[in-house]
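Peer 1: Residue numbers (full-length UniProt numbering): 1 to 362.
The following block contains the structure, expressed as structure tokens.
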């Protein structure tokens, strides 16, 4: 049985508590209160009692696998679906029954919904009907400068790249100065490199204008990159809300631990701030008692070559900045992330050491 190296010490973070729900933001813009939606009799609800508050200027990601209810939740906030029960309030005003166009909320569709026969400038001007023609042109030109497309004002959408089309759609939405922008998988049509650049541009633009945003995504990396907070959804329910760091470090369930990054799940017997496991006694991130399931991230495990070790490397993936190993010990296969330096080859015997606090799950 492995034990922790004596040289390692652990200082518990003050916030080491599982976060099912975070306290409400100080300046609440949007309140979603127990939204429920069922599409067919006999089916499970698509969304069940979804609740959260969104602060002024805050970016929130609704994150979960396909079919978890995240897009339905977004569409109920935007007025495109009518909830069976629950309420949506914007700055204290109930907008549950208001039409989409009466809510004052911006919406960026997955396919951008640009008008192919209009120029870039005219696409951005389209929603500014309460302004004079000159005012609308000035406002649209201002937004195109903000998104870096002022030199393409006379082009048609088909003459733009996917990333440029996405920025035009965002500029059109921001031109109307909404307090909140809803985005449904806005980067799904872009290639990998463009997704990384575009999502940072979108976050920067929303912060620059002061608009809050809710983005729907199934991509954990995307959610952690753009959001101030993440609401993780499973089977129609929000199961955890927190900052990306909190969600990653302190998942509340095996589902969250496995969906957000990689995780090794162990069992143990907890006694306060310590748990007895097959890897020896380990420190816990929070107090627990009795039989528990534990989350251990691959980067929390040290891999040591040892000809007499109880485990063996059965797979290795070189990823440039680090290496991902699959290590078999008995009937258990563990994932371990190590630096890109020294390489342990497939077939080598090794010893595993867990070198950080482990997280007890609900």
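Where a beta carbon is used, it is the ideal one built from N, C-alpha and C, also for glycine.
Computed from a prediction, not measured in an experiment: that's the story for all the values here.
What does the Cβ neighbour count give for residue 333, buried or exposed, with the cut at 16 atoms within 10 Å?
Peer 2: With fewer than 16 Cβ atoms within 10 Å of its Cβ, residue 333 is classed as exposed.
Peer 1: Sorted by chain position, which residues of the same chain lie with C-beta nearer than 8 angstroms to residue 350's C-beta, five sequence neighbours on each side aside?
Peer 2: Cβ within range, chain order: 303, 304, 305, 306, 309, 311, 312, 313, 327, 344.
Peer 1: What would DSSP say about residue 131, mapped onto helix, strand or coil?
Peer 2: Here residue 131 sits in coil by DSSP.
Peer 1: Please classify residue 288 as buried or exposed, where buried requires at least 16 other C-beta atoms within 10 Å of its C-beta.
Peer 2: With 16 or more other Cβ atoms within 10 Å, it is buried.
Peer 1: Compute the distance between the beta-carbons of residue 86 and residue 33, then report whether it is under 7 angstroms.
Peer 2: Against a cut-off of 7 angstroms, the Cβ pair of residue 33 and residue 86 comes out as a contact.
Peer 1: Hey, is the region 100-111 in contact with the region 185-194, meaning 3+ C-beta pairs nearer than 8 angstroms?
Peer 2: Verdict: yes, contact present.
Peer 1: Leaving out five residues on either side along the sequence, give the residues of the same chain with a beta carbon under 7 angstroms from the beta carbon of residue 80.
Peer 2: Within the same chain, residue 80 has close Cβ partners 100.
Peer 1: Going by DSSP in three states, residue 87 sits in which element: helix, strand or coil?
Peer 2: The answer is strand: DSSP assigns residue 87 an E or B state.
Peer 1: From residue 62 to residue 329, what does the alpha carbon distance come to, in whole angstroms?
Peer 2: Distance between the alpha carbons of residue 62 and residue 329: 37 angstroms.
Peer 1: Roughly how many angstroms lie between the CA atoms of residue 249 and residue 93, to the nearest whole one?
Peer 2: Each residue's Cα considered, the two are about 36 angstroms apart.
Peer 1: Leaving out the 5 sequence neighbours to the left and right, which residues in its chain are closer than 6 angstroms to residue 116 when beta-carbon positions are compared?
Peer 2: The answer, listed in chain order, is 157.
Peer 1: With DSSP as the reference, label residue 259 as helix, strand or coil.
Peer 2: Three-state DSSP puts residue 259 in a helix.
Peer 1: For residue 257, count neighbouring Cβ atoms within 10 angstroms of its own Cβ and tell me buried if that reaches 16, exposed if not.
Peer 2: So residue 257 counts as buried.
Peer 1: Which residues bound the alpha helix (DSSP H) around residue 103?
Peer 2: It is not in any alpha helix (DSSP H) - residue 103 carries neither H nor E in the DSSP assignment.
Peer 1: Given a cut-off of 7 angstroms on the beta-carbon distance, is the pair residue 35 and residue 83 in contact?
Peer 2: Yes, the pair counts as a contact, with Cβ atoms nearer than the cut-off.
Peer 1: If we call anything under 7 angstroms between Cβ atoms a contact, is residue 295 one with residue 232?
Peer 2: Contact flag unset, no.
Peer 1: What would DSSP say about residue 121, mapped onto helix, strand or coil?
Peer 2: Note: residue 121 maps to helix in three-state DSSP.
Peer 1: Quick check on residue 250: does DSSP put it in helix, strand or coil?
Peer 2: Correct three-state label for residue 250: coil.
Peer 1: Return the bridge partner residues of residue 112 from the DSSP annotation.
Peer 2: For residue 112, which the question treats as bridged, DSSP gives no partner whatsoever.
Peer 1: Which stretch, first to last residue, makes up the beta strand (DSSP E) that contains residue 164?
Peer 2: Element bounds for residue 164: not the beta strand (DSSP E) but the alpha helix (DSSP H), 162-174.
Peer 1: Is the separation between the beta-carbon of residue 88 and that of residue 77 shorter than 7 angstroms?
Peer 2: Yes, the pair counts as a contact, with Cβ atoms nearer than the cut-off.
Peer 1: Do residue 71 and residue 46 have their beta-carbon atoms positioned less than 7 angstroms apart in this structure?
Peer 2: It is not a contact, given that the beta carbons lie outside the stated cut-off.
Peer 1: Report all residues from its chain with a CB closer than 6 angstroms to the CB of residue 363; omit the five preceding and five following residues, and keep chain order.
Peer 2: Absent from the model: residue 363. The displayed extent of the chain is 1 to 362, so no value can be given.
Peer 1: Hey, would you say residue 121 sits closer than 7 angstroms to residue 140, going by beta carbons?
Peer 2: Contact flag set, yes.
Peer 1: DSSP on residue 77, reduced to helix/strand/coil?
Peer 2: Looking at residue 77 - three-state DSSP - the assignment turns out to be helix.
Peer 1: So, do the region 197-204 and the region 220-229 have three or more beta carbon pairs nearer to each other than 8 angstroms?
Peer 2: Yes: at least three Cβ pairs fall under 8 angstroms.
Peer 1: Please report the distance separating the alpha-carbon of residue 126 from that of residue 212.
Peer 2: Their Cα atoms are separated by approximately 22 angstroms.
Peer 1: Work out the CA separation of residue 242 and residue 8 for me, nearest whole Å.
Peer 2: With a pLDDT of 32 at residue 8, under the threshold of 50, the predicted position of this residue should be treated as unreliable, and no value is reported.
Peer 1: Can residue 149 and residue 167 be called in contact, C-beta distance under 7 angstroms?
Peer 2: A contact, by the Cβ cut-off of 7 angstroms.
Peer 1: Do you know how far the Cα of residue 163 is from the Cα of residue 331?
Peer 2: When rounded, the distance between both Cα atoms is 47 angstroms.
Peer 1: Buried or exposed for residue 195, please, with buried defined as at least 16 other CB atoms from any protein chain shown within 10 angstroms of its CB.
Peer 2: Result: buried.
Peer 1: For residue 1, is the classification buried or exposed, using 16 other Cβ atoms within 10 angstroms of its Cβ as the cut-off for buried?
Peer 2: Here the model assigns residue 1 a pLDDT of 39, short of 50, so the residue's position is not dependable and the matter cannot be decided.
Peer 1: Entirely within the region 310-337 and at least 3 residues each: give me those beta strand (DSSP E) ranges in chain order.
Peer 2: You should have 311-318, 322-329.
Peer 1: Are the Cβ atoms of residue 361 and residue 293 separated by less than 7 angstroms?
Peer 2: Yes; because the gap between Cβ atoms is below 7 angstroms, this pair is in contact.
Peer 1: Let me confirm a value: residue 229 is counted as buried when at least 16 other C-beta atoms fall within 10 Å, else exposed. Which label applies?
Peer 2: Classification for residue 229: buried.
Peer 1: Rounding to the nearest angstrom, what Cα-Cα distance links residue 165 and residue 209 in this structure?
Peer 2: Each residue's Cα considered, the two are about 19 angstroms apart.
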